[in-house]
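Chemist:
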Amino acid sequence: MLMVSLAGCGSDSAGGAASTQVGPVSFELPEGIQEVYRDAEREGGWVAEYADDQESAGAFIGVWRFRETPPSATHAATEMIAQVRASGTHPGIRTREDGKVDIPGAEDASIINFSLEGSGADITGRWWMIVDPGQDIAVTVEYYGSEVTEEDLDIFERTLNLDSGQSW
């Protein structure tokens with residue numbers, strides 16, 4: 001049986017954001033965003049979710065764990081898009097690949113920007129596809145919402161890290 005270890009939120013940083021570790025990926029939660037869900041036993045799918053308001057989620061962060069590690073961030077992006085479209089969790093999603101990105105500790109990482117149309121609100125977001133095939137790690141970190149700006153996404157991106165030594 002696979003043991004899963006998800007550490008909780010850490011101490012606040014100087015900017016008021018809480019440092020969070022979910023398996024091998026870490027990031028700082030923007031101020032006002034709280035943990036909504038964690039499933040330490042789940043071996044695929046959404047393993048952690050955070051939101052500013054559980055009712056409306058003007059800002060939402062999720063961590064997706066792949067069951068099988070894709071060979072690259074590009075393959076992970078294709079799989080993620082197919083999963084989300086098939087599940088119906090993001091109705092009217094429009095995606096745009098924005099290329100490679102440097103995430104400390106990641107062998108391969110890329111960005112997919114997206115928007116949700118027909119939701120009644122202008123919702124934009126980003127997926128960071130983080131892959132280390134040699135360590136059998138593939139994660140998507142998602143940040144989106146009606147109150148999330150491009151600047152918010154860029155600031156959040158600078159806090160992302162992958163530590164292959166951290167197990168699920």
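Residue numbers are given in full-length UniProt numbering: position 149 of the sequence shown equals residue 149, and the series is strictly consecutive.
Built from N, CA and C at the ideal position, the CB exists for glycine as well.
1. Compute the distance between the beta-carbons of R94 and R65, then report whether it is under 9 angstroms.
2. Is it buried or exposed for E28, if we count other Cβ within 10 angstroms and need 16 for buried?
3. When we look at the beta-carbon of R126 and count the other beta-carbons within 10 Å, is it buried (16 or more) or exposed?
4. Only counting the same chain, and skipping five residues up and downstream in sequence, which positions put a Cβ closer than 6 angstroms to that of G105?
5. Is DSSP giving I33 helix, strand or coil here?
6. Which complete beta strand (DSSP E) runs does the region 43-118 hold, if anything under 3 residues is left out?
7. Within the same chain, show all residues whose beta-carbon is closer than 6 angstroms to that of T69, passing over the 5 residues directly before and after it, in chain order.
8. Opposite D132 in the DSSP bridges: which residues?
9. Within the same chain, show all residues whose beta-carbon is closer than 6 angstroms to that of G88, passing over the 5 residues directly before and after it, in chain order.
10. Helix, strand or coil for L160, going by three-state DSSP, please let me know.
11. Give every residue of the same chain whose Cβ lies closer than 8 angstroms to the Cβ of E147, excluding the five residues on either side of it in the sequence, and list them in chain order.
12. Whole angstroms is fine: what's the gap from E107's alpha carbon to V131's?
Modeler: Let me spell this out:
1. no
2. buried
3. buried
4. N161, L162 and D163
5. coil
6. 45-51, 60-65, 93-100 and 108-116
7. P133, D136 and A138
8. I137
9. none
10. coil
11. D52, G58 and A59
12. 6 angstroms
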